[in-house]
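Worksheet: one structure, shown below.
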Amino acid sequence: MLSTVPVFIFVALFVFFLLRITPGDPAIMIAGDQASSAQIETIREQLGLNRPLLDQLLAWAGQLLRGDLGRSVFSDIPVTRLIGQRLEPTAMLALVAIVLAIAIALPLGTLAAVRAGGVADRIVMAFAVLGFSSPVFVIAFLLVYLFALTLGWFPTQGYVPLSQGVLACLHSLILPGVALALLYASLLARVTRASLLEVLSEDYIRTANAKGLTPARITIRHALSNAAVPIVTVIGIGMAALLGGVVVTETVFNIPGLGRLATDAIQRRDYPVVQGLILVFSSVYVVINLLVDLSYVLFDPRVRY
Amino acid sequence: MQQPVLSVERLNVSVQTADGWCPIVSDLSIEVAASETLCLVGESGCGKSLTALAIMRLLPRGARIDSGRILLGGADLAALDEPALRDRRGRDLAMIFQEPMTSLNPVMTIGEQITEGVQRHERVSSAAARTRALELFNRVRIPDPQRRLAAYPHQLSGGMRQRVMIAMALACRPKLLLADEPTTALDVTIQAQILEMMAELRAEIGTAVVFITHDLGVVAEIADRVAVLYAGKIVEQTDVVSLFDNSCHPYTRGLMRSIPRLSRQAGGAVVDRLTEIKGMVPAPTAVPTGCAFSPRCASATEQCAVEPFAEPLAPSHLVACWHPETAGLAAIPGGAR
Numbered sequence: 028m029l030s031t032v033p034v035f036i037f038v039a040l041f042v043f044f045l046l047r048i049t050p051g052d053p054a055i056m057i058a059g060d061q062a063s064s065a066q067i068e069t070i071r072e073q074l075g076l077n078r079p080l081l082d083q084l085l086a087w088a089g090q091l092l093r094g095d096l097g098r099s100v101f102s103d104i105p106v107t108r109l110i111g112q113r114l115e116p117t118a119m120l121a122l123v124a125i126v127l128a129i130a131i132a133l134p135l136g137t138l139a140a141v142r143a144g145g146v147a148d149r150i151v152m153a154f155a156v157l158g159f160s161s162p163v164f165v166i167a168f169l170l171v172y173l174f175a176l177t178l179g180w181f182p183t184q185g186y187v188p189l190s191q192g193v194l195a196c197l198h199s200l201i202l203p204g205v206a207l208a209l210l211y212a213s214l215l216a217r218v219t220r221a222s223l224l225e226v227l228s229e230d231y232i233r234t235a236n237a238k239g240l241t242p243a244r245i246t247i248r249h250a251l252s253n254a255a256v257p258i259v260t261v262i263g264i265g266m267a268a269l270l271g272g273v274v275v276t277e278t279v280f281n282i283p284g285l286g287r288l289a290t291d292a293i294q295r296r297d298y299p300v301v302q303g304l305i306l307v308f309s310s311v312y313v314v315i316n317l318l319v320d321l322s323y324v325l326f327d328p329r330v331r332y
Numbered sequence: 359m360q361q362p363v364l365s366v367e368r369l370n371v372s373v374q375t376a377d378g379w380c381p382i383v384s385d386l387s388i389e390v391a392a393s394e395t396l397c398l399v400g401e402s403g404c405g406k407s408l409t410a411l412a413i414m415r416l417l418p419r420g421a422r423i424d425s426g427r428i429l430l431g432g433a434d435l436a437a438l439d440e441p442a443l444r445d446r447r448g449r450d451l452a453m454i455f456q457e458p459m460t461s462l463n464p465v466m467t468i469g470e471q472i473t474e475g476v477q478r479h480e481r482v483s484s485a486a487a488r489t490r491a492l493e494l495f496n497r498v499r500i501p502d503p504q505r506r507l508a509a510y511p512h513q514l515s516g517g518m519r520q521r522v523m524i525a526m527a528l529a530c531r532p533k534l535l536l537a538d539e540p541t542t543a544l545d546v547t548i549q550a551q552i553l554e555m556m557a558e559l560r561a562e563i564g565t566a567v568v569f570i571t572h573d574l575g576v577v578a579e580i581a582d583r584v585a586v587l588y589a590g591k592i593v594e595q596t597d598v599v600s601l602f603d604n605s606c607h608p609y610t611r612g613l614m615r616s617i618p619r620l621s622r623q624a625g626g627a628v629v630d631r632l633t634e635i636k637g638m639v640p641a642p643t644a645v646p647t648g649c650a651f652s653p654r655c656a657s658a659t660e661q662c663a664v665e666p667f668a669e670p671l672a673p674s675h676l677v678a679c680w681h682p683e684t685a686g687l688a689a690i691p692g693g694a695r
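Residue numbers (our numbering), protein chains in the order written: chain F, 28 to 332; chain R, 359 to 695.
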C-alpha cells in the first residue's frame, strides 16, 4: 500500500522528463514547423524551458503539490479545468462498460465453470476468444452498423450529458459501452471460469455437498466467494485496458471525453495537456489498484492490513 | 444383530484409467446397526475411502458405482437421483473427512457453515439454527462457543476444526455417520479426546458409524465390528474382540503382527522385532486372479488361484480364505494399545 507514494513520484518524474528528453527542442516541436522564432520563444518562456533543469523540476513539483497542471499551449485554459470538463463522459462510459462487462462475464464464466467441458462451456469460451481478439474499433463499427444504422435503436454517435437525464445519457452510452465491455468481459469470463474451476475441486466444496446443499448455494455462496479475490484483481487490472480502449471508443463514437482530449492534445502537440492526462490516468490506475488491494479484506477474512 | 441401519449389498466401484474402467471395490457387503461402529480397515489404496464416498454418492469424477445396493432408511441410495440424494445428505447420512484443515470453507464463519446445513433440512428460523449450533458446540466441547460461532476456520486449531466438522455432521442427527480417517491428521492426545467424544455422541444420538482407518490402535479404541479390506475386497469381517484375539485370515494376522508391542525382559521394556507382510499391495490394474493376497501369503496353495468365498467360521465371523488359521492365534495382550 505504501508503494503508492513512490509510484506517484515516479510517474510525476516520468511525465516531467517526457517533455525534456524528447529529441530536438521541445519548444519547436510544440510550436510546429511554420512557427516564427518569436512564437517559439513565447512557448519556451511559458513552459520555463529556458531555466536550469533543477529549477524547472522544483517548479513542476511545487505546481503539482498545489494541484496545478499548467495551462494548455493551444487554448491557454488551465489543464485541470480542461480535464474537469471532459471527465463526466469518460467516467460514465467507463462505468457503463464495467457494469456491462461484470453483468456479462460473471454469469457466463460461472456457467462455463459449472458445465466445464460441456457445450455451454465451449460456446462461452469460443465467444471469449472472439471478444478478446477483436479490436475495439471493429466491434464498434459492427455495432453501429447493426444497431444504429440498420435497426436505428441507438444513436450512431455523440454523448448526452447527465444533466439532460440519466436515461438519455445511458441510452447514448449503450453502444460505446458494449464495444468497450466485450474485450473486458472476455478476459473476466475466462478468469471467472478458471478461478471457479479451481475452487470447485477444493475439499470444502465436497463438505458442502455432503451437507446436501443445493448447487446454487454451493456455487454462489461457497465457490464464488472464494474465487472473488482473483476476479476482483482482474476487474482492477482490466480498468487499465479499459482506459486504453476509452481513447479509441470515444474517437469512434465522437464522445467529448478524456480520450478525445488526449487525441486532440497529441495532434496539437499540446504537451501540458498530454502530461496532465498521463498523470490523471496513472493516478486513477494506482488508486484503483489500491482499492482492489484494500477490498481483499472484504472477501478473505485471512487478509489483514 | 438388530435391524441394520445401513446395509450395503455387493457394492462394486471402479475408476477410470487409461485402459478403461478398473474395479477398485468388489462385491463389498456390510451392515451397520444403530449405535454400532463398524471399522473399515486396510492399507492405503485398498478402497476404504472410495467405499465411503460411494455410500455418500459423492464419488469424484472418474469413479462410478457399477452395481450393488446401498440401503438406508428403506431407500436404495445407489438408485436415487441427485435431488433426492441432496435431500438425504446431511440429514440421513453425514460424513467427516480426513483433512480438517481444508474441509471447511475459509471465507465463511463456522457458525454459518453449521446453520446452513440445519436450515437446508429443517424449517427453522436462523435464530433457532444458531441455538442448535451453540448446543452442538457445547456437545463437542468447543470452549467459548458463543464467540466461536463468528470465528473463521483459520482462527481454529486442527483439533477444534475437526470438532466443528463433527458438530456439522451431527447437526441433523443423521442415521448414519461416515468418518474417513477423522483423527489421522491430529496429535495423539487430541485424537484420543476426539475418539472418546465420538463414542459418547454415537451412544447419545444412536447413530450408526462407519469408521475408516488404517490404525489398529484406533480400531481397538472405537470399533464394535471390523471389516478388513484387501485390494477392494473384504477378507475378514468380525467383532473387534475376535479380530484381535482370533483373526483367521493370513492378511489380518500379518497386520496384527506388524503392530509394535512391548515385551518385558530383564533390563526393561524392549520392542519386539516387527514382522512385516512380504511383498507389495497389488496395483488396482494388476490384481491377481483368485485370492488377491495369495502371492504374498505363506499358506497359499494351488487352490488359491480360485477366488475364495466369504464363509462364516463362527456366527458373524466371515473369512474369505481357503486356508483360514482357525487354530487360534495366541492372544495379543491388550490389543494394540
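We put the beta carbon where it would ideally sit given N, CA and C, even for glycine.
- Chain-order list of chain F residues neighbouring R/His512: Pro328, Arg329, by C-beta distance under 9 angstroms.
- With a threshold of 7 angstroms between beta carbons, F/Thr137 makes no contact with chain R.
- In the three-state scheme derived from DSSP, where H, G and I count as helix and E and B as strand, R/Thr643 is classed as helix.
- Taking 4 residues as the minimum length, the alpha helix (DSSP H) runs contained wholly in the stretch 242-292 of chain F are 252-280, in order along the chain.
- Note on geometry: alpha-carbon atoms of F/Ser228 and F/Asp291 lie some 51 angstroms from one another.
- Taking CB atoms only, R/Leu528 has no neighbour in chain F less than 7 angstroms away.
- Rounded to whole angstroms, the gap between the alpha carbons of F/Ser161 and F/Ala289 is 23 angstroms.
- From the listed residues F/Thr177, F/Ala235, F/Leu209, F/Thr219, the smallest Cα separation to R/Ala527 is found for F/Ala235.
- R/Thr659 and R/Glu683 have their C-alpha atoms roughly 14 angstroms apart.
- A buried status is given to F/Pro299, since no fewer than 16 other beta-carbon atoms sit within 10 Å of its beta-carbon.
- In terms of beta-carbon proximity, F/Ala143 stays away from the interface with chain R, with every pair separated by 7 angstroms or more.
- Taken atom to atom, the span from the alpha-carbon of F/Ala237 to that of R/Gly448 is near 6 angstroms.
- Pairing R/Ser407 with R/Asp573 gives a Cβ-Cβ distance that is not under 7 angstroms.
- Judged by DSSP in its simplified three-state form, F/Leu135 adopts helix.
- Approximately 7 angstroms separates the beta-carbon atoms of R/Ala529 and R/Arg490; this is inside 8 angstroms, confirming the contact.
- In this structure, F/Arg220 sits near F/Ala140, with a CB-CB distance shorter than 7 angstroms.
- Burial state of F/Ala58 is buried, judged by a 10 Å Cβ sphere holding 16 or more other Cβ atoms.
- For F/Ala212, the enclosing alpha helix (DSSP H) covers residues 193-227.
- Residue-level contact check: R/Val482 does not touch chain F, since none of the beta carbons of chain F fall below 7 angstroms from its beta carbon.
- Looking at the backbone, the Cα of F/Phe326 and that of R/Thr460 are separated by about 18 angstroms.
- Following the DSSP letters along the chain, one finds R/Ser484 inside the alpha helix (DSSP H) bounded by residues 484-497.
- Only buried fits R/Met614, as 16 or more other CB atoms lie within 10 angstroms of its CB.
- Using beta-carbon distances, R/Glu457 counts as an interface residue toward chain F, with a partner under 7 angstroms.
- Partner residues in the beta bridge of R/His675, as assigned by DSSP, are R/Ala672.
- Between R/Val586 and R/Glu579, the gap from beta carbon to beta carbon reaches 7 angstroms or more.
- For R/Ala589, no beta strand (DSSP E) run applies, since DSSP gives it neither H nor E.
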